[in-house]
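Residues 123 to 336, numbered by this note's numbering, are exactly what the sequence shown covers, in order.
Inspection log for the structure reproduced underneath, given as structure tokens.
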Amino acid sequence: MSCPSRPACPTCPACPVPVHTQFASFELVGPIVENGLDPATDPAWADSGAKSPAEYARWAGHLCGMTCLRMALGADAPSLFALRDGALGYGAYTEDTDGSIRGLVYAPFVAYVRERHGLDATVHRHLAPEEIPALLDEGLTVMASVHYAIRHPRRPAPGRGGHLVLLTSRTADGTGVHFHNPSGTTAATRSAELPLAEFERFFAGRGVSMRVRG
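This is how it looks when you write it as structure tokens:
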């Protein structure tokens with residue numbers, strides 16, 4: 123799928139899964155997530171399918187899971203906010219009375235993915251790092267819960283979980299994982315690789331496996 127106001131979204135040099143970010147402008151991901159730029163100022167906000175800059179600014183930071191799904195769905199995937207709307211209908215996100223957004227809730231998300239998009243998907247509530255390569259070898263992707271600081275892998279890991287990335291394959295030498303990060307701030311962190319032991323430092327031990335659409 124081409125982004126209406128920009129050239130075609132980048133393809134991944136290491137796997138057939140497209141590269142997307144949860145913010146519409148690739149070049150603004152860093153300023154938004156690391157420097158506090160207001161997402162409402164993103165000139166490409168409408169490409170996300172949001173109804174307004176305000177809706178985009180409120181939700182985009184919560185849509186790492188929908189971005190992973192969008193990548194798994196391939197070139198004909200719906201817009202980010204169309205996927206969000208579908209997930210909301212299944213209860214995969216909830217909103218508190220104070221307006222705070224909670225999610226992604228895995229079980230209703232998997233029901234949504236299966237019923238609305240026809241993808242084979244499974245919740246893994248306890249997933250050991252050493253189990254991941256076998257899932258990838260079966261042709262599955264793994265939406266894995268990691269700490270967002272995975273985009274700075276040379277720094278100490280401040281925690282595990284709270285963000286979602288899409289693991290798409292093993293590395294060429296078979297010892298690591300290749301993954302797409304919805305909040306990657308550069309090309310190298312949007313489509314990245316880490317040895318499994320390094321990935322484990324950020325990994326919360328849970329996720330969802332999905333078979334990508336061919």
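Note that beta-carbon positions come from the ideal geometry of N, C-alpha and C, so glycine has one too.
- Straight-line measurement puts the Cα of Met332 at about 6 Å from the Cα of Asp242.
- When the Cα atoms are used, Val151 and Ala256 turn out to be separated by approximately 32 Å.
- Checking the DSSP bridge columns, you'll see Gly298 partnered with Pro317.
- When C-beta atoms of the stretch 164–180 are compared with those of the stretch 200–215, three or more pairs fall below 8 Å, so the two segments count as touching.
- Taking all protein chains in view, the Cβ of His248 is surrounded by fewer than 16 other Cβ atoms within 10 Å, so the residue is classified as exposed.
- Residue Asn303 holds the alpha-carbon nearest to the alpha-carbon of Ile272 among Asn303, Ser291, His246 and Glu252.
- Under the three-state reduction of DSSP, Leu286 is assigned to strand.
- Secondary structure of Phe325 (DSSP, three-state): strand.
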